[in-house]
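Structure record follows, encoded as structure tokens.
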Amino acid sequence: MSEEQPFRTTPGDPRFPNQNQAQHCWAKYILYARCMKDHEDDEEICQTRWQQAKSICPSAWTDRWNEEREECTFAGI
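Residue numbering for the sequence shown follows the working numbering, starting at 210 and increasing by one per position.
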């Protein structure tokens, strides 16, 4: 992302109350990846989705998933 926005966490999701947030992380990252695919990797359009995924997911996970998307080996979508 070229310009960083103020850090805010993703809104709560009633599908994932009081439990491990790994599924919440995965769901937010999939929304980001789908946005990037639908908008031909336009980071500006998908910035909100990226901020949400980045705020809930460990950076090691998002780094790995981004690399997998670049290599066309990402299993998510």
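Here a beta-carbon is modelled for each residue, glycine too, at the ideal position from N, C-alpha and C.
Computed from a predicted structure; not experimentally measured.
Simplified DSSP state of residue i, which is helix, strand or coil
i: histidine 248; result: coil
i: alanine 231; result: helix
i: isoleucine 286; result: coil
i: threonine 224; result: Note that residue 224 is arginine in the sequence shown here, rather than threonine. Note: arginine 224 maps to coil in three-state DSSP.
Delimiting residues of the alpha helix (DSSP H) encompassing residue i
i: asparagine 275; result: 268-279
i: threonine 257; result: 256-265
Burial state of residue i, where buried means 16 or more other Cβ atoms lie within 10 Å
i: isoleucine 265; result: buried
i: threonine 219; result: buried
Quick check: the stretch 237-244 against the stretch 259-277, are at least 3 beta-carbon pairs closer than 8 Å? A contact exists between the stretch 259-277 and the stretch 237-244.
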